[in-house]
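Colleague:
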Amino acid sequence: MWAVVGAVVASAAWAAAVFLVPAGSDVDLRGYSAPVNLCNSTDYSSFRTEYAANDSTPTHNSLGDDALDEVLCNLSLKKTGSSYADAYLYVELDLHKKTDPGPEFTATWKNYSESHSGYDVEAVTGIGDEAYLVSDDTTSSSSSGSLYATLAVRDGWVTYTMSYSAYYSSYSNDKDPPTLAEVSGWLKTDSRATLAELKD
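Heads up: the sequence shown at position 146 corresponds to 1587 in the working numbering, and the numbers run straight through without jumps.
Okay, here's the thing in structure tokens:
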């Protein structure tokens, strides 16, 4: 009888130990935190070498939930003397607190060109666990076309994107826009700096 009681007590203790483990114990956020205002933590100093005018009214949004913390920042990029934005920068940070975003992240960004015609995909090393640069450059000349580029990063259960977009026409004020190679380099440099800033 005592053996049975002992077994029951041991089983109860084991069960308690299992159920007392916090549900999020396997969450791998790598020390990142989501600031309420992501714009204050976004480093875009590389882009500022080209777009020196300050954006006095950047917009930001945030979402806090048991499953997800999400923060966003939108910045207008203007060259000195420009009255209107010459390009735009969008930054998003997501802290996934219930599920591992890895498989879906890889499926989305590694295969981006399959669902977005005209885009090129480049795997980027040295940033997070995995990263991809997706781009679409239709600037046949400096007076027409558009340039889109996004660097998407996953570090543990944290995902991050920094996106650049610019549209050119004969009416554009920007007669000497940056190249895709320049924008790609700025995205990588500023994303590294921003992610470092977002770690506790």
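Ideal placement from N, C-alpha and C gives every residue a C-beta, glycine not left out.
With respect to the alpha helix (DSSP H) encompassing residue 1586, which residues constitute its N-terminal and C-terminal limits?
Modeller: Premise fails: residue 1586 lies in the beta strand (DSSP E), 1586 to 1596, not in any alpha helix (DSSP H).
Colleague: Out of curiosity, what's the CA-to-CA distance linking residue 1547 and residue 1627?
Modeller: Between residue 1547 and residue 1627, the C-alpha separation is close to 23 Å.
Colleague: Which of helix, strand or coil does DSSP assign to residue 1457?
Modeller: Here residue 1457 scores only 35 on pLDDT, less than 50, and its place in the model should not be relied on; the value that follows carries that caveat. Residue 1457 falls in the helix class under three-state DSSP.
Colleague: Within its chain, find whatever has a CB closer than 6 Å to the CB of residue 1504; leave out the 5 residues flanking it on each side and keep chain order.
Modeller: 1511
Colleague: Which term fits residue 1629, buried or exposed, when burial requires 16 or more other beta carbons within 10 angstroms of its beta carbon?
Modeller: buried
Colleague: Assuming residue 1508 contacts residue 1539 under a Cβ cut-off of 8 Å, what Cβ separation, rounded to an integer in Å, is found between them?
Modeller: Contact flag correct, Cβ pair sits at about 4 Å.
Colleague: Between the beta-carbon of residue 1535 and the beta-carbon of residue 1589, is there less than 9 Å?
Modeller: no
Colleague: How many angstroms separate the CA atom of residue 1624 from the CA atom of residue 1506?
Modeller: 33 Å
Colleague: Tell me the residue span of the beta strand (DSSP E) that contains residue 1479.
Modeller: From DSSP, residue 1479 is part of no beta strand (DSSP E); its letter is neither H nor E.
Colleague: Check this for me: beta carbons of residue 1471 and residue 1631, under 9 Å apart or not?
Modeller: No. Outside cutoff.
Colleague: Whose C-alpha, out of 1574, 1621, 1480, 1605, is nearest the C-alpha of residue 1581?
Modeller: 1621
Colleague: So is residue 1637 buried or exposed if we call it buried at 16+ other beta carbons inside 10 Å?
Modeller: exposed
Colleague: Report yes if the CB atom of residue 1527 is closer than 9 Å to the CB atom of residue 1518, and no otherwise.
Modeller: yes
Colleague: What three-state label does DSSP hand residue 1526 in the structure shown?
Modeller: coil
Colleague: Could you tell me which residues DSSP puts in a beta bridge with residue 1600?
Modeller: 1535, 1595
Colleague: Please say whether residue 1475 and residue 1639 have beta carbons closer to each other than 9 Å?
Modeller: yes
Colleague: With a CB to CB cut of under 6 Å and the five nearest residues on each side skipped, what residues in its chain are close to residue 1575?
Modeller: 1553, 1560, 1562, 1591
Colleague: Which same chain residues, not among the five before or five after residue 1634, have their C-beta less than 8 Å away from its C-beta?
Modeller: 1484, 1486
Colleague: In this structure, what does DSSP give as the bridge partners for residue 1500?
Modeller: 1515
Colleague: Compare the Cα-Cα distances from residue 1567 to each of 1577, 1477, 1594 and report the closest residue.
Modeller: 1594
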